[in-house]
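Only one structure is covered here, and it is reproduced in the block below.
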Amino acid sequence: MEVCKLSELGKLLRKAREERGYSLDDVQDITKIRKRYLEAIEEGDYKVLPGTFYARAFVKNYAETVGLDAEEVFRLYQRELPEPAAEAAVEQLIVKPRRASVRSSDRWSKWGFRVLMWSFLLLIAAVIYTYVVNQQDGSDKKTVDNETPITDNIDSGTGEAENPSDSTGGQEDVTGANGETGSDTPVIPDEPEVQQTTLTFLEKSGSVERYAVTPGDTHRYEVEVADGKRSWVEIRTGSRTGEKIHYKEEKGPVVISYELSGPVFLNIGSTRSVEIRIDGVVLPDGDDNVRRFLIEPETEGAAGIPGA
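Written out as C-alpha cells, the structure reads:
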C-alpha cells in the first residue's frame, strides 16, 4: 500500500513536469538537485536520498518548480513522506549550549552600552564645538564683506557711465549681421525611411516553428511572462544547439529583452501565459503548452505579419 502511494506522488510530480515541458535535466538545472535524486523521488525510493530532511526539502523544491503547492502536497502525502526525527534531536542538542553564551553576551552588552553612551555624548560635544567655531568664522567673514563693496560700487558706477555707447554700437552690429543672413532659406535634410519589421511563417518542422524576419539586421526579442505565472525561457543564437543567451525558469511579472542578430532559437514553456514580441510584433498564439521557434533573417520577398 505504501509503495503504491509513493508511486502516486511520483506520478503527480512527473505529470506536472511534463505539462510544463521540462525534462529531468531542466529540473536539475533549475533546482540544483541531482538527476538521480529526482528520479528516486518520482519512483518513491527515498532510501537513495542523503537523509529525511533532504527528502522533504527536495520534494518541496521539486513541487514548487513544476507549479504545485508544496504545502498541499505535504498534507496529502504526510504519512508517506519520511519524518525528520533525527534533525529535531540534533536541533535540541544545539540549542542548549547557547544559554551559557547568552549570559556572557549579556555582560558584554552592558559594558558595550556604557561605552556607546559615552561615545555618543562625546560626539554631541564635538558637533556643538564645531558649530560654534564655524559661526564665529562666518561672522568675521560677513564683517569683511560689508566693508569692501564701497569701492566696488564706485567702479561699477563709472563703468555704467562709459558703457552705453558701446552697448548701442553692439546692437547695431548685431542688427547688421541679422540683415545679411535673414534672407537665407534653411535647408532641411530628408529623413531616412524606416523599414518596418515583418514576420513570415515558413513551416513547422517537427516541434519547431520557422519564421522569417525582415529586415535582416539586429532585432529586439522580448518574452513577457504574466503576473503570478511561471515559464521556462530558453534563448539561443544560431540554432537549438547554439550559444545560450538565456536559460532559466522565470516567474511573472517579468519581461526578458535582448538585442540579437542572425538566426535565433526560442524554447518557451507555458506559452498560454507568455507573449513573445520581435520589435513589438507579437508572434501568433498556439495550442501547444510548449512551443519552439527558429527566427531567421529573410533575404527579400514574402509578405508576413507587419510591425505596428
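Just so we're aligned, residue 0 is where the sequence shown starts under numbering that gives the first Met the number 0, counting upward by one. Virtual Cβ for every residue (Gly too), placed ideally from N, Cα, C. Predicted model, so just to flag it, every value in this text is computed and none were measured.
(request) For Arg19, count neighbouring C-beta atoms within 10 Å of its own C-beta (all shown protein chains included) and say buried if the count is 16 or more, exposed if not. (result) For this step, residue 19 is matched to residue 20 along the sequence shown. With 16 or more Cβ atoms within 10 Å of its Cβ, Arg19 is classed as buried.
(request) Compute the distance between the beta-carbons of Arg276 and Glu233, then report whether it is under 8 Å. (result) Position 277 of the sequence shown holds residue 276. Position 234 of the sequence shown holds residue 233. Their beta carbons are not under 8 Å apart, which means Arg276 does not touch Glu233 by this criterion.
(message) Assuming contact is defined by CB atoms lying nearer than 8 Å, are Val224 and Gly268 in contact in what I supplied?
(response) As a first step, residue 224 is located in the sequence shown; it is residue number 225 there, counting from the start. As a first step, residue 268 is located in the sequence shown; it is residue number 269 there, counting from the start. For Val224 and Gly268, no; Cβs fall outside 8 Å.
(request) Quick one: measure Cβ to Cβ for Arg235 and Glu248, integer angstroms, because I've assumed they're closer than 8 Å. (result) Working through the sequence shown from its first residue, we reach residue 235 at position 236. Working through the sequence shown from its first residue, we reach residue 248 at position 249. Not a contact, Cβ separation roughly 16 Å.
(message) So the candidates are Gln195, Glu71, Leu12, Leu293; which of them puts its Cα closest to the Cα of Gly279?
(response) Position 280 of the sequence shown, counting from 1, holds the residue named residue 279. Considering only alpha carbons, the answer is Gln195.
(message) Give me the residue from Val114, Gly111, Leu12 with the minimum Cα distance to Leu67.
(response) Within the sequence shown, the letter at position 68 stands for residue 67. Selected option, being the one with the closest Cα: Leu12.
(message) At 4 residues or longer, what runs of the alpha helix (DSSP H) sit wholly inside the stretch 6-32?
(response) 23-30
(request) On a CA-only basis, which of Lys14, Val114, Asp28 is nearest Trp231? Give me that one, please. (result) Numbered from its first residue, the sequence shown carries residue 231 at position 232. Looking at the Cα atoms, Asp28 is the closest of the given residues.
(message) Contact defined as beta carbons within less than 8 Å: I believe Val212 pairs with Glu274. What is the distance between those atoms, to the nearest angstrom?
(response) In the sequence shown, residue 212 corresponds to position 213, counting from 1. In the sequence shown, residue 274 corresponds to position 275, counting from 1. At roughly 17 Å, the Cβ-Cβ gap does not stay under 8 Å, so Val212 and Glu274 are not in contact.
(request) Report yes or no: do three or more beta-carbon pairs, one from the stretch 283-295 and one from the stretch 30-50, lie closer than 8 Å? (result) no
(message) I'd like the list of long-range same chain contacts for Asp44, defined as Cβ closer than 6 Å, with 5 residues on each side in sequence excluded.
(response) Here residue 44 corresponds to residue number 45 of the sequence shown, with the count starting at 1. Same-chain partners within the cutoff: there are none.
(request) Quick one: measure Cβ to Cβ for Glu56 and Ala62, integer angstroms, because I've assumed they're closer than 8 Å. (result) For the purposes of this step, residue 56 is identified with residue 57 of the sequence shown, where counting begins at 1. For the purposes of this step, residue 62 is identified with residue 63 of the sequence shown, where counting begins at 1. This sequence places Ala at residue 56; Glu is not what is there. About 11 Å separates the two Cβ atoms, so there is no contact after all.
(request) Could you tell me the boundaries of the beta strand (DSSP E) in which Tyr220 lies? (result) By one-based count along the sequence shown, residue 220 stands at place 221. Looking at the DSSP string, the run of the beta strand (DSSP E) that includes Tyr220 is 218-224.
(message) Can you find the residues in the same chain that come closer than 6 Å, C-beta to C-beta, to Val72, ignoring five residues on each side of it along the sequence?
(response) To locate residue 72, count along the sequence shown from 1; it is residue 73. The residues are Ala62.
(request) Grab me the residues of Asn152's own chain with a C-beta within less than 8 Å of its C-beta, minus the 5 sequence neighbours each way, in chain order. (result) The count along the sequence shown starts at 1 and reaches residue 152 at position 153. Its pLDDT being 47, under 50, Asn152 is placed unreliably in this model, and the value from its coordinates should be taken loosely. Once the five neighbours on either side are set aside, Asn152 has no close Cβ partner at all.
(request) Measuring alpha carbon to alpha carbon, tell me which of Tyr53, Ala39, Glu42, Ile294 ends up nearest Ser204. (result) For the purposes of this step, residue 204 is taken as residue 205 along the sequence shown, with counting starting at 1. Selected option, being the one with the closest Cα: Ile294.
(message) Is Leu293 close to the ligand HEM? I mean its beta-carbon at under 7 Å from any heavy atom of the ligand.
(response) This structure lacks the ligand HEM, and indeed carries no ligand of any kind.
(request) Reducing DSSP to helix, strand and coil, say where Ile187 ends up. (result) As a position in the sequence shown, residue 187 is number 188, starting the count at 1. Here Ile187 sits in coil by DSSP.
(request) Starting from Arg74, trace the alpha helix (DSSP H) both ways and give me its first and last residue. (result) As a first step, residue 74 must be located in the sequence shown, where it is residue number 75. Taken as a continuous stretch (DSSP letters only), the alpha helix (DSSP H) holding Arg74 covers 69-75.
(request) For the alpha helix (DSSP H) containing Thr64, list its first residue and its last residue. (result) Counting from one through the sequence shown, the residue named residue 64 turns up at place 65. 51-64 is the extent of the alpha helix (DSSP H) around Thr64.
(message) Going by DSSP in three states, Glu82 sits in which element: helix, strand or coil?
(response) One-based indexing of the sequence shown puts residue 82 at position 83. Correct three-state label for Glu82: coil.
(message) Rounded to the nearest angstrom, what separates Leu75 and Leu265 at their Cα positions?
(response) Residue 75 sits at position 76 when you count from the first residue of the sequence shown. Residue 265 sits at position 266 when you count from the first residue of the sequence shown. Using only the alpha carbons, I get a separation of about 37 Å.
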